[in-house]
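J.: If you're matching them up, the sequences are chains A and B in order.
First residue of the first sequence? That's 1 in full-length UniProt numbering, and the numbers climb one at a time after it.
First residue of the second sequence? That's 1 in full-length UniProt numbering, and the numbers climb one at a time after it.
So that we are looking at the same thing, I have put the structure below in structure tokens.
Number of protein chains: 2
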Amino acid sequence: MTGSVREALSEPVPEATLSRVQTVMRAIEDRIEGRALGPGARLPSVRAFAESMGVSKSTVVEAYDRLAARGAIVSRPGSGFFVAARPEPLSLAAIGPRLDRAVDPVWITRQSLEAGPDSLRPGCGWLPPDWLPEEDLRRALRHVARQSDAVMFYDTPQGHAPLRQQLALRLTERGIRAHPDQLVLADSVTQALDLIIRFLAEPGDTVLLDDPCYFSFQALARAHRLRMVGVPFGPEGPDLAAFEQALIEHKPRFYITNSGLQNPTGATLSPVVVHRMLRLAEMHGTLIVEDDAYADFEPEPGPRLAGFDGLDRVIHVGGFSKTLSTGARVGAIALRSDWVERLVDLKLAVSLSDNHLTAATVHRFLAEGSYRHHLDALRTRLADARGMVVRRLAQAGLSVPFVPSAGMFLWTRLPEGLDAVDVSRRALARGVVLAPGNVFSISQGAASFLRFNVAQCASPRVFSELSRAMEG
Amino acid sequence: MTGSVREALSEPVPEATLSRVQTVMRAIEDRIEGRALGPGARLPSVRAFAESMGVSKSTVVEAYDRLAARGAIVSRPGSGFFVAARPEPLSLAAIGPRLDRAVDPVWITRQSLEAGPDSLRPGCGWLPPDWLPEEDLRRALRHVARQSDAVMFYDTPQGHAPLRQQLALRLTERGIRAHPDQLVLADSVTQALDLIIRFLAEPGDTVLLDDPCYFSFQALARAHRLRMVGVPFGPEGPDLAAFEQALIEHKPRFYITNSGLQNPTGATLSPVVVHRMLRLAEMHGTLIVEDDAYADFEPEPGPRLAGFDGLDRVIHVGGFSKTLSTGARVGAIALRSDWVERLVDLKLAVSLSDNHLTAATVHRFLAEGSYRHHLDALRTRLADARGMVVRRLAQAGLSVPFVPSAGMFLWTRLPEGLDAVDVSRRALARGVVLAPGNVFSISQGAASFLRFNVAQCASPRVFSELSRAMEG
């Protein structure tokens with residue numbers, strides 16, 4: 001235990017030892033990041049840690065000295081090593097099981113956002129530029145720039161009243177009765193979900209998620225330190241027996257799902273499934289958060305949990321990022337009247353106000369009436385693309401177990417023996433962002449799946465690069 | 001224990017009993033909202049609860065029956081009363097001590113946001129419309145509407161790169177060296193603080209706050225279930241002996257403060273105080289979050305914690321809501337390079353992206369160069385208003401123990417014997433929003449103080465209504 005920092009830095013260390021040293025360092029860093037070792041806490045003794053890690057004492061001494069050199073821990077001669085007093089901030093990656101970067105939800109989001117303009121993104125979750133109503137949106141924005149107070153001031157606590165009125169009408173068309181006073185706006189669907197999770201759960205609570213599900217649900221649950229329990233999800237929706245079993249066994253605070261055009265499978269629930277899910281949720285005292293971000297892709301509105309439930313135990317979230325623009329984001333929460341004031345209190349505390357400018361711009365856009373035409377054209381274009389992509393994927397050797405009725409996603413299976421993470425890594429090296437199935441799977445049981453966005457597959461290079469990546 | 005719901009609803013109850021029943025109901029509701037009684041939990045027995053509340057058993061039976069009638073609890077004959085299975089969402093008001101609405105930070109925010117166009121808002125925390133550079137901002141927005149991709153797409157994970165470059169330069173002018181890669185953008189200063197608190201603290205951790213301090217810090221700490229410890233704050237800054245004592249006694253995760261033009265006192269720290277605070281923070285292993293939202297009011301930049309510290313243990317937050325517009329909000333976080341990736345991971349998880357449109361608009365506005373002229377004019381106008389308001393308040397009988405060098409706030413004291421909450425209630429009834437001192441005070445030790453915004457005091461009616469409210 002006498003090796004000093006100076007010695008550790010100057011003495012050469014053989015290569016084989018080095019990797020063992022790094023393993024020990026990583027183990028200590030994990031405990032510090034995960035807060036198992038807080039600021040000022042004493043590290044395990046060199047002897048004990050060497051035994052528990054199955055390495056030599058000198059390896060542990062080397063690792064501790066290097067961590068001390070970095071300032072992560074401090075040595076107090078005679079009494080051992082201690083975590084440095086500067087508290088370490090949260091590391092999302094250190095909450096829960098450590099994930100391979102390739103299946104880390106946050107990393108995939110980062111890849112999609114950072115991909116250069118020349119890269120291909122068949123795995124990404126949004127539409128390409130030329131699929132969006134850019135001119136109409138710019139016109140709405142110019143109007144707001146000329147005429148609206150939204151440029152200058154905070155909006156009201158619940159969010160832009162004219163937009164809430166429009167949204168209440170749109171919900172009614174989908175069978176969800178919500179008074180404008182039951183709507184609360186947030187800066188995006190993701191931020192709306194974040195607010196709702198704070199509203200419903202505390203760290204350590206359990207949440208039910210679909211397996212597979214939209215990977216941001218997992219990232220949010222991780223950030224909130226929730227326990228995640230997966231419910232197998234297929235073309236018919238969640239496995240209801242497994243859903244009930246999970247309700248009984250884990251007593252989740254809430255279940256979060258997409259009832260229409262689920263991400264990644266594209267499945268839409270039937271009325272009977274919606275009805276049964278609600279009955280089970282009621283029997284077992286669970287709330288449901290329904291993320292309805294894909295609703296506007298549907299030609300005919302399908303059944304919705306919030307609609308059947310009458311906003312009793314379901315909180316509904318919608319937005320426009322998928323079909324209008326990701327630059328001007330709005331999230332709309334519909335919930336029980338008697339919960340509105342409390343949710344707004346929480347919103348005021350953590351954000352003070354949502355973005356007035358964006359809300360007014362989306363309102364103006366919707367008021368102009370061109371959105372319906374855009375959606376009609378978009379649905380047709382997606383249907384055409386879907387047909388083409390299904391054919392091309394089949395030629396490449398992938399199978400599509402279920403073809404959704406609408407939307408942009410296809411949940412596809414690679415030929416036997418191929419791992420989606422391997423294929424995605426090879427594709428990424430050639431500038432193609434794929435979405436490997438296990439990013440969506442809590443059980444990591446979707447190793448042979450890939451999610452495709454049919455709108456991002458116009459270039460024939462998507463399929464040639466895919467075939468190349470599959471060849472290895 | 002046999003009184004049924006039906007009986008409880010039909011039997012008339014004497015008035016005196018009724019208020020006792022309501023007290024018991026409120027006590028149970030508090031425990032349910034605060035999660036001391038979770039969904040499905042058994043309520044205390046009627047006998048035990050009657051004893052502990054000092055009421056008769058029939059009062060408790062009445063209260064339980066009424067709660068059952070509302071669906072908050074359920075009766076299971078033979079085994080007692082249980083909290084209903086539908087989980088209750090968070091009630092911010094139920095975290096920590098219950099606050100009078102008049103000194104509840106969230107409620108004050110709500111009042112200021114909801115006040116009609118005709119009401120006077122000398123207590124509110126922002127500038128009136130005609131003090132802001134509306135035409136210049138609209139011009140910037142029109143430019144973005146014509147030319148920028150920001151209307152349509154997500155921004156990069158760290159936030160708008162051109163804006164981060166501008167902001168890094170502005171920070172340098174204030175003595176804070178930060179590379180653009182050390183900046184992370186959020187949708188507002190409040191949301192930036194919310195993100196940082198999640199980054200640094202877990203529920204149950206302790207945070208140090210100034211007493212008095214900006215009330216949103218308290219609302220945020222409450223939402224995060226942090227323990228709050230106050231440090232007395234005066235014209236020289238925090239009481240350093242009390243600061244050290246709190247560091248030793250409470251081992252806070254972090255201290256949050258404004259080092260320039262503190263809200264509500266208007267105090268700016270001297271170099272020696274900044275130096276000593278940093279030394280104490282270092283000695284005791286605490287981080288500092290510096291909210292610098294008022295920096296642009298200063299004619300000459302004062303010393304900053306982040307500047308002296310070199311972004312080692314200080315995380316710095318700035319924005320433009322106070323001096324540019326509250327409709328187009330941006331929050332900018334400057335922090336240690338080695339923490340950036342982790343913070344961005346968290347940001348991606350909980351918000352996916354900040355508002356591209358707003359960031360691009362603020363960038364364009366700053367690039368046009370008129371902001372400096374606006375700030376010059378604003379500072380002069382504020383100095384004039386400050387002089388006038390100090391005189392008028394003195395005429396009304398209030399004292400101003402300290403007149404800040406810049407900014408919009410005055411921290412003033414009512415004459416002996418007057419309570420600021422009483423005065424504020426009477427003023428609100430006549431359409432005047434005041435800011436009573438205890439909204440800013442964790443110890444509730446500022447009962448005779450009021451915060452004035454000198455920019456919101458142009459109407460002589462502010463002072464006549466104030467005098468009337470002081471008369472009772």
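Cβ coordinates follow ideal geometry from the N, Cα and C atoms, glycine included.
1) Report the residue from A:Leu414, A:Ala396 and A:His356 whose alpha carbon sits nearest the alpha carbon of A:Phe463.
2) Can you tell me whether DSSP reads A:Pro235 as helix, strand or coil?
3) Within the same chain, show all residues whose beta-carbon is closer than 7 Å to that of A:Gly80, passing over the 5 residues directly before and after it, in chain order.
4) Quick check: the region 265-274 of chain B against the region 285-292 of chain B, are there 3 or more CB pairs under 8 Å?
5) Could you tell me the boundaries of the alpha helix (DSSP H) in which B:Phe217 lies?
6) Taking CB distances under 8 Å as the criterion, tell me whether A:Pro299 reaches chain B.
7) Is the separation between the beta-carbon of A:Val229 and that of A:Leu261 shorter than 8 Å?
8) Would you say B:Glu7 reaches chain A, if we count a Cβ-Cβ gap shorter than 8 Å as a contact?
9) Count the other CB atoms within 10 Å of the CB of A:Ile248; is the residue buried (16 or more) or exposed (fewer)?
10) Counting only beta-carbon separations shorter than 8 Å, does A:His402 have a partner in chain B?
11) What do you get for A:Gly331, buried or exposed, if any count of 16 or more other CB atoms within 10 angstroms of its CB means buried?
12) Checking contacts by CB at 8 Å: is A:Ala160 closer than that to chain B?
13) Could you give the first and the last residue of the continuous alpha helix (DSSP H) run that contains B:Phe463?
14) Helix, strand or coil: which one does DSSP assign to A:Asp211?
15) Relative to the C-alpha of A:Gly407, which residue among A:Glu114, A:Met277 and A:Arg381 is closest?
16) As a quick exercise: from A:Pro235, A:Pro212 and A:Val340, pick the residue whose alpha carbon is nearest that of A:Ser448.
17) I need the DSSP call for B:Gly152, collapsed to helix, strand or coil.
18) Taking Cβ-Cβ distances shorter than 7 Å, what residues in chain B pair up with A:Phe199?
19) Quick check on the burial criterion: 16 or more other C-beta atoms within 10 angstroms. Buried or exposed for B:Arg76?
20) Please report the distance separating the alpha-carbon of A:Asn355 from that of B:Gly307.
21) Taking the alpha carbon of B:Arg174 as the reference point, which residue from B:Val439, B:Asp30 and B:Gly310 has its own alpha carbon closest?
22) Check whether the Cβ of B:Gln191 lies closer than 8 Å to any Cβ atom in chain A.
23) Below 8 Å on the Cβ atoms is my guess for B:Gly204 versus B:Arg225; work out the distance and round it to an integer in Å.
24) Identify each residue in the region 232-252 of chain A for which the Cβ-Cβ distance to at least one residue of chain B is less than 9 Å, and report them in chain order.
25) State the CB to CB distance for the pair B:Leu398 and B:Thr412, rounded to an integer number of angstroms; the pair is presumed to be in contact (CB under 8 Å).
26) Assess contact between the region 108-126 of chain B and the region 130-147 of chain A, defined as three or more Cβ pairs (one per stretch) separated by less than 8 Å. Is contact present?
27) Under 9 Å Cβ-Cβ, which residues of chain A neighbour residue 473 of chain B?
28) Is the CB-CB distance between B:Ala334 and B:Ala178 below 8 Å?
29) When the cut-off is 8 Å and only beta carbons count, does A:Leu375 lie next to chain B?
30) Would you grab the beta carbon distance between A:Leu278 and A:Leu305 for me? Rounded to a whole angstrom, and I think it's under 8 Å.
31) Decide if B:Arg146 is buried, meaning its Cβ has at least 16 other Cβ atoms within 10 Å, or exposed.
32) Would B:Glu114 pass as an interface residue toward chain A - the criterion being a Cβ-Cβ separation below 8 Å?
33) Please classify B:Glu7 as buried or exposed, where buried requires at least 16 other C-beta atoms within 10 Å of its C-beta.
34) Determine the direct distance from the alpha carbon of A:Ala68 to that of A:Tyr214, and round the result to whole angstroms.
35) If the cut-off is 8 Å on Cβ atoms, which residues from the region 112-145 of chain B count as contacting chain A, listed in chain order?
36) Do A:Leu280 and A:Leu132 have their CB atoms nearer than 8 Å?
T.: Let's see:
1) Position 463 of the first sequence, counted from the start, is the residue given in the question as residue 463 of chain A. Comparing alpha carbon positions, the residue from A:Leu414, A:Ala396 and A:His356 closest to A:Phe463 is A:Ala396.
2) If you number the first sequence from 1, residue 235 of chain A lands on position 235. The answer is coil: DSSP assigns A:Pro235 none of H, G, I, E or B.
3) If you number the first sequence from 1, residue 80 of chain A lands on position 80. Around A:Gly80: Arg42, Leu43 and Ser45.
4) Here the region 265-274 of chain B makes no contact with the region 285-292 of chain B; the two share fewer than three CB pairs at distances below 8 Å.
5) Indexing the second sequence from 1 puts residue 217 of chain B at position 217. For B:Phe217, the uninterrupted alpha helix (DSSP H) run begins and ends at Phe215 to Ala223, by DSSP.
6) For the purposes of this step, residue 299 of chain A is taken as the residue at position 299 of the first sequence. No, no contact with chain B.
7) Looking up residue 229 of chain A in the first sequence gives position 229. Looking up residue 261 of chain A in the first sequence gives position 261. Note that the C-beta distance between A:Val229 and A:Leu261 is not below 8 Å.
8) One-based indexing of the second sequence puts residue 7 of chain B at position 7. With a pLDDT of 38 at B:Glu7, under the threshold of 50, the predicted position of this residue should be treated as unreliable, and no value is reported.
9) Indexing the first sequence from 1 puts residue 248 of chain A at position 248. Exposed is the label assigned to A:Ile248, since fewer than 16 other Cβ atoms lie within 10 Å of its Cβ.
10) The residue you call residue 402 of chain A lines up with position 402 of the first sequence. It should be pointed out that residue 402 of chain A corresponds to Phe in this sequence rather than to His. No, because no Cβ of chain B sits closer than 8 Å to the Cβ of A:Phe402.
11) The residue given as residue 331 of chain A occupies position 331 in the first sequence. Buried: at least 16 other Cβ atoms inside 10 Å.
12) Position 160 of the first sequence holds residue 160 of chain A. One point to set straight first is that residue 160 of chain A is His, not Ala, in the sequence displayed. Residue-level contact check: A:His160 does not touch chain B, since none of the beta carbons of chain B fall below 8 Å from its beta carbon.
13) Numbered from its first residue, the second sequence carries residue 463 of chain B at position 463. Looking at the DSSP string, the run of the alpha helix (DSSP H) that includes B:Phe463 is Arg461 to Glu471.
14) Residue 211 of chain A sits at position 211 when you count from the first residue of the first sequence. Of the three classes helix, strand and coil, the one that applies to A:Asp211 here is strand, per DSSP.
15) Position 407 of the first sequence, counted from the start, is the residue given in the question as residue 407 of chain A. Of all alpha-carbon atoms in A:Glu114, A:Met277 and A:Arg381, the one lying nearest the alpha-carbon of A:Gly407 is that of A:Arg381.
16) Here residue 448 of chain A refers to the residue found at position 448 of the first sequence. Residue A:Pro212 is the option with its Cα nearest to A:Ser448.
17) The sequence position of residue 152 of chain B within the second sequence is 152, counting from 1. First, the amino acid is wrong: residue 152 of chain B is Met here, not Gly. Three-state result, B:Met152: coil.
18) As a position in the first sequence, residue 199 of chain A is number 199, starting the count at 1. The CB of A:Phe199 comes closer than 7 Å to the CB of Pro89 and Leu90 in chain B, given here in chain order.
19) The residue given as residue 76 of chain B occupies position 76 in the second sequence. By the neighbour-count rule (16 or more Cβ atoms within 10 Å), B:Arg76 is not buried but exposed.
20) For the purposes of this step, residue 355 of chain A is taken as the residue at position 355 of the first sequence. For the purposes of this step, residue 307 of chain B is taken as the residue at position 307 of the second sequence. One C-alpha to the other measures close to 31 Å.
21) For this step, residue 174 of chain B is matched to residue 174 along the second sequence. Check the Cα spacing between B:Arg174 and each of B:Val439, B:Asp30 and B:Gly310: the tightest is with B:Gly310.
22) Numbered from its first residue, the second sequence carries residue 191 of chain B at position 191. With a threshold of 8 Å between beta carbons, B:Gln191 makes contact with chain A.
23) Position 204 of the second sequence, counted from the first residue, corresponds to residue 204 of chain B. Position 225 of the second sequence, counted from the first residue, corresponds to residue 225 of chain B. A Cβ-Cβ distance of about 7 Å is found for the pair B:Gly204 and B:Arg225, placing them in contact under the 8 Å criterion.
24) Hits within the stretch, in order: Lys251.
25) Along the second sequence, one-based indexing puts residue 398 of chain B at 398. Along the second sequence, one-based indexing puts residue 412 of chain B at 412. Between B:Thr412 and B:Leu398 the Cβ distance is about 5 Å, and since that is below 8 Å, they are a contact.
26) They do not touch, by the three-pair rule.
27) Here chain B comprises residues numbered 1 to 472, so residue 473 of chain B is not present and cannot be evaluated.
28) Here residue 334 of chain B refers to the residue found at position 334 of the second sequence. Here residue 178 of chain B refers to the residue found at position 178 of the second sequence. Against a cut-off of 8 Å, the Cβ pair of B:Ala178 and B:Ala334 comes out as a contact.
29) Looking up residue 375 of chain A in the first sequence gives position 375. Chain B, which has no Cβ nearer than 8 Å to the Cβ of A:Leu375, makes this no.
30) As a first step, residue 278 of chain A must be located in the first sequence, where it is residue number 278. As a first step, residue 305 of chain A must be located in the first sequence, where it is residue number 305. The Cβ separation is near 6 Å, so the contact holds.
31) Working through the second sequence from its first residue, we reach residue 146 of chain B at position 146. Only exposed fits B:Arg146, as fewer than 16 other CB atoms lie within 10 angstroms of its CB.
32) Against the second sequence, residue 114 of chain B aligns to sequence position 114. With its beta carbon less than 8 Å from one in chain A, B:Glu114 belongs to the interface.
33) Residue numbering aside, residue 7 of chain B sits at position 7 when the second sequence is read from its first letter. The pLDDT assigned to B:Glu7 is 38, lower than 50, so where the model puts this residue is not dependable, and the model offers no usable value.
34) Along the first sequence, read from residue 1 onward, the residue named residue 214 of chain A stands at position 214. Along the first sequence, read from residue 1 onward, the residue named residue 68 of chain A stands at position 68. Answer to the nearest angstrom: the Cα atoms are 41 Å apart.
35) Per Cβ criterion, the list reads Leu113, Glu114, Trp126, Pro129, Leu132, Glu134, Leu137, Arg138, Leu141, Arg142, Val144 and Ala145.
36) Sequence index remark: in the first sequence, residue 280 of chain A carries index 280 (1-based). Sequence index remark: in the first sequence, residue 132 of chain A carries index 132 (1-based). Not a contact, by the Cβ cut-off of 8 Å.
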